[in-house]
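Trainee: Could you have a look at this structure, given as structure tokens, before my questions?
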Amino acid sequence: MGKKEREYNFFNDVYEVVKLIPKGRATSYGAIAAYLGTKMSARMVGWAMNAAHNDKTIPAHRVVNRNGQLTGRFHFKAPTTMQYRLEKEGVKVKDDTIVDFSKVFWDPHKELY
DNA sequence: AAGGTGACCGGTT
DNA sequence: TAACCGGCCACCT
């Protein structure tokens, strides 16, 4: 098995959850890690998103940090891309932070089974 | 082969 | 309020 394939298998669980985030909602790195179990740390979720950043099938813009900040914005094509995509879905962003994040927040632990 | 490094997090100072 | 700390764990050098 090649390196690229192994990498994809390893991060696959993260990608599957990210793909389930509904339009107009967002979750956090830590929430995904908690949902997947103790083996996966929030840092690893960030690493997985980094590895996936050109995959158009993964809505990476819907993953932010626990405070709703768009900490991953510099990894997009332009630093404004992440905010643009969120606002296009009706999510308001101010000062690189999602407005009313608690209402936009999508917790995989509660919304998935 | 060992140590540095994250698109992080919760708690403490 | 902001800075810091320890835990996290696969990757990279």
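Numbering (this note's numbering), first residue to last: 895 to 1007. Glycine included, C-beta positions come from ideal geometry on N, C-alpha and C.
For LYS986, I'd like the list of residues in its chain whose CB is within less than 6 Å of its CB, leaving aside the five on either flank, ordered along the chain.
Mentor: On the first sequence, residue 986 is found 92 positions in, with the first residue counted as 1. Around LYS986: VAL993.
Trainee: Ignoring anything shorter than 4 residues, give me the alpha helix (DSSP H) runs that lie fully in the region 904-984, in order along the chain.
Mentor: Segments of the alpha helix (DSSP H) lying fully in the region 904-984: 923-930, 936-945, 975-982.
Trainee: To the nearest angstrom, how far is it from the Cα of MET895 to the Cα of ALA954?
Mentor: In the first sequence, the residue the question calls residue 895 occupies position 1. In the first sequence, the residue the question calls residue 954 occupies position 60. Here MET895 scores only 48 on pLDDT, less than 50, and its place in the model is too uncertain to base an answer on.
Trainee: CB-CB under 6 Å to GLY984, same chain, minus the five flanking residues each way: which ones, in chain order?
Mentor: Within the first sequence, the letter at position 90 stands for residue 984. Cβ within range, chain order: GLY918.
Trainee: Quick one, are the C-beta atoms of MET943 and GLY966 less than 8 Å apart?
Mentor: Here residue 943 is taken as the residue at index 49 of the first sequence, counted from 1. Here residue 966 is taken as the residue at index 72 of the first sequence, counted from 1. In contact: MET943 and GLY966 (Cβ atoms closer than 8 Å).
Trainee: Taking the beta carbon of ALA920 as the centre, do at least 16 other beta carbons fall within 10 Å, making it buried, or is it exposed?
Mentor: On the first sequence, residue 920 is found 26 positions in, with the first residue counted as 1. Classification for ALA920: buried.
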